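One structure is given below, encoded as structure tokens.
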Amino acid sequence: MKAGQNQTRSAVISRCHKSTSAREVRRNRGARGDRPKQADQLARARKLAAHQPRIEPETWARVESRLRQEWSPAQITGRLKLERQSTLSHQHSYQHIYADKRQGGTLHRSLRCREQRRKRYRSDDRRGPLPNRISLDERPAIVDST
21 MKAGQNQTRS
31 AVISRCHKST
41 SAREVRRNRG
51 ARGDRPKQAD
61 QLARARKLAA
71 HQPRIEPETW
81 ARVESRLRQE
91 WSPAQITGRL
101 KLERQSTLSH
111 QHSYQHIYAD
121 KRQGGTLHRS
131 LRCREQRRKR
141 YRSDDRRGPL
151 PNRISLDERP
161 AIVDST
């Protein structure tokens, strides 16, 4: 917030609600008040902390090796919990496997069961009218006789 401006004016300039601006000032204020450099350092530290990977690469390597041994993601999760290695859910393992598949990987081939296909219940035709189509009433009589 620039010197000499109140929080309402600062919120208008930054195009956010005044309570959001007040919360940010309160969040970044140190023991000696509102200091821009300190606020910037705090924001950068939060940004770095937010992008730390939740699961370490060694854990993913362990998961991938067991997948290749045809373990199920649920079995891998249970084993990791027993060994107190990591708290990884089986669903997170599936997300990792399918992300690998989208990137051209082969982890999905090691699964015991294939990914289930979901039936589409949409019944309405979304194509719209076909251009240059001939009506059934206008078709030749020879077509009806066969």
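Mapped onto this note's numbering, the consecutive letters of the sequence shown carry residue numbers 21 to 166. All C-beta atoms, glycine included, are put in the ideal place defined by N, C-alpha and C. Predicted model, so just to flag it, every value in this text is computed and none were measured.
In the structure shown, Gly-98 falls within a helical segment according to DSSP collapsed to helix, strand and coil.
Judged by beta-carbon spacing, Asn-48 lies within the 9 Å limit of Ala-59, meaning their Cβ atoms are closer than that value. Between the alpha carbons of His-37 and Asp-54 lies a distance of about 19 Å. Where Lys-139 is concerned, there is no enclosing alpha helix (DSSP H), because DSSP gives it neither an H nor an E. Rounded to whole angstroms, the separation of the alpha carbons of Arg-64 and Leu-100 is 33 Å.
From the listed residues His-116, Pro-56, Arg-52 and Gln-61, the smallest Cα separation to Arg-82 is found for His-116. Bounds of any alpha helix (DSSP H) do not take in Ile-75, whose DSSP letter is neither H nor E. Spatial neighbours of His-128 in its own chain (CB-CB distance under 6 Å, excluding positions within 5 residues in sequence) are listed in chain order as Ile-117 and Lys-121. Where His-112 is concerned, the enclosing alpha helix (DSSP H) starts and stops at 110-122.
The beta carbon of Ser-130 sits closer than 6 Å to those of Leu-87 and Arg-88, all from its chain and outside the five residues before and after it, given in chain order.
With at least 16 other beta carbons inside 10 angstroms of its own, Pro-93 counts as buried.
Only exposed fits Leu-156, as fewer than 16 other CB atoms lie within 10 angstroms of its CB. Non-local C-beta neighbours of Trp-91 in its own chain, meaning closer than 8 Å and more than five positions away in sequence, comprise Arg-99, ordered along the chain. A Cβ-Cβ distance of about 7 Å is found for the pair Thr-97 and Ser-113, placing them in contact under the 8 Å criterion.
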